[in-house]
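In this note's numbering, the protein residues as written are 1410 to 1570. Just below is one structure, and these are the notes that go with it.
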């Protein structure tokens, strides 16, 4: 499974959830701290988004069976799927050639329903899911937190109220 945008908060959770269910995770990450971050969460491989196609093809020459598109070029991510693969995007991208390649594509919207949140909270409490918080900001620095978020972070940013 390829996770594009793996170093953010959602990507960090996705890596852990996919790996815990037996998926071989290929995560996008720059060399160095980002690679250490994603492999520390359970990614089997880290590939630099700057040369995504070459990195993924080196690990999965026939393409990946599933891709989670959280960031980056959706078409480039979809092109790395094997025919018949699954594609999910949180940025509302749908591959143009999905039908002719037999891809199952879906867009994902946040749905913070109580049952899902309770399930995730239980995973955290039981130590099976880690929520990596990069930095906690006081409420008066919320504007700074948003600016830092747009610059990219490893994991989640939090604002304390």
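Ideal Cβ placement from N, Cα and C applies to all residues, glycine included. Quick caveat, the model's predicted, so the values are computed rather than measured.
C-alpha gap between residue 1498 and residue 1472, whole angstroms: Rounded to whole angstroms, residue 1498 to residue 1472 spans 17 Å at the Cα level.
Neighbourhood of residue 1538 by C-beta, 6 Å cutoff - its chain only, sequence neighbours within 5 removed: The beta carbon of residue 1538 is closer than 6 Å to those of 1425, 1532 in its chain, skipping five residues each way along the sequence.
Residue ranges of each alpha helix (DSSP H) run of no fewer than 4 residues wholly in the segment 1462 to 1530, ordered along the chain? 1483 to 1487, 1507 to 1510
Suppose contacts are defined by Cβ-Cβ distances below 7 Å. Is residue 1489 in contact with residue 1420 by that definition? no
So what does DSSP say about residue 1441, is it helix, strand or coil? Looking at residue 1441 - three-state DSSP - the assignment turns out to be coil, as it is neither helix nor strand.
In chain order, each alpha helix (DSSP H) run of at least 4 residues that lies wholly inside the segment 1414 to 1439: 1418 to 1429
If you compare alpha carbons, which of 1524, 1540, 1558, 1434 is closest to residue 1474? Measuring from the Cα of residue 1474, the nearest candidate turns out to be 1434.
Neighbourhood of residue 1545 by C-beta, 7 Å cutoff - its chain only, sequence neighbours within 5 removed: 1567, 1569
To which residues of the same chain is residue 1465 closer than 7 Å at the C-beta, ignoring the five residues directly before and after it? 1411, 1435, 1456, 1473, 1489
Find out if the Cβ-Cβ distance for the pair residue 1476, residue 1496 is shorter than 7 Å. yes
Pick out whichever of 1529, 1459, 1518, 1463 has its Cα sitting closest to the Cα of residue 1501. Nearest of 1529, 1459, 1518, 1463 to residue 1501, Cα basis: 1518.
Compare the C-beta of residue 1508 against all C-beta atoms of chain B and say whether one is closer than 7 Å. Considering every chain present, this structure includes no chain B. It has just one protein chain.
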